[in-house]
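Enquirer: Residue numbers (the UniProt record's numbering): 1 to 118.
Where is the CB? At the ideal position from N, CA and C, for every residue including glycine.
The structure under discussion is supplied below as structure tokens; questions concerning it will follow.
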Amino acid sequence: RYGPPDPAEDADAFKPVDGAMNRACRGATPSDNSGSYCTAYGPTDAPSLDACKALCVGTTECTGVEYSVGKCEVWTRPAGIGATVAAPGYQCYQYEPFERVDGFADRACRGSSPADDS
1 RYGPPDPAED ADAFKPVDGA MNRACRGATP SDNSGSYCTA YGPTDAPSLD ACKALCVGTT
61 ECTGVEYSVG KCEVWTRPAG IGATVAAPGY QCYQYEPFER VDGFADRACR GSSPADDS
């Protein structure tokens, strides 16, 4: 990630995986559930889905979140979330933030060269 976090942009950076609702995140396959893929937080640290997402945004390596009432997992698996499994009450979101480049202020997007505005 580049630049300071922007809550408005970060909210749009979370994409539902397999519809998100009633889905638990997994690695490469539905049975791939290594504890090394995430950090778990309880209700004190993540009392809501938004709080869980905020923990993700504050984690440089975050690739997504899994949330259920009272439980938040901030995923840091380098290959991201590759699958889900049915799990009532759970939600799974991939984190794909917009990356600002070239100083990220007073800039306009261009194509293959600085003059390419097509």
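Verify whether the separation of the beta carbon atoms of T59 and V74 is less than 9 Å.
Expert: In the sequence shown, the residue the question calls residue 59 occupies position 59. In the sequence shown, the residue the question calls residue 74 occupies position 74. Yes, they are a contact pair.
Enquirer: Please report the straight-line C-alpha distance between T29 and A108, rounded to a whole angstrom.
Expert: The count along the sequence shown starts at 1 and reaches residue 29 at position 29. The count along the sequence shown starts at 1 and reaches residue 108 at position 108. One C-alpha to the other measures close to 40 Å.
Enquirer: Note the first and the last residue of the continuous beta strand (DSSP E) segment covering A83.
Expert: The count along the sequence shown starts at 1 and reaches residue 83 at position 83. Segment 83–95, the beta strand (DSSP E) holding A83.
Enquirer: Does the distance from the CB of Q95 to the CB of E66 come in under 9 Å?
Expert: Taking the first residue of the sequence shown as 1, we reach residue 95 at position 95. Taking the first residue of the sequence shown as 1, we reach residue 66 at position 66. Note that residue 95 is Tyr in the sequence shown here, rather than Gln. Cβ distance not < 9 Å, so Y95 and E66 don't count as in contact.
Enquirer: Exposed or buried, which one is R26 when buried takes at least 16 other CB atoms within 10 Å?
Expert: On the sequence shown, residue 26 is found 26 positions in, with the first residue counted as 1. It is buried - the Cβ of R26 has at least 16 other Cβ atoms within 10 Å.
Enquirer: Between the C-alpha atoms of T84 and P43, what's the straight-line distance to the nearest angstrom?
Expert: Counting from one through the sequence shown, the residue named residue 84 turns up at place 84. Counting from one through the sequence shown, the residue named residue 43 turns up at place 43. Their Cα atoms are separated by approximately 23 Å.
Enquirer: Quick one: Cα of L49 to Cα of A115, how far?
Expert: For the purposes of this step, residue 49 is taken as the residue at position 49 of the sequence shown. For the purposes of this step, residue 115 is taken as the residue at position 115 of the sequence shown. Using only the alpha carbons, I get a separation of about 42 Å.
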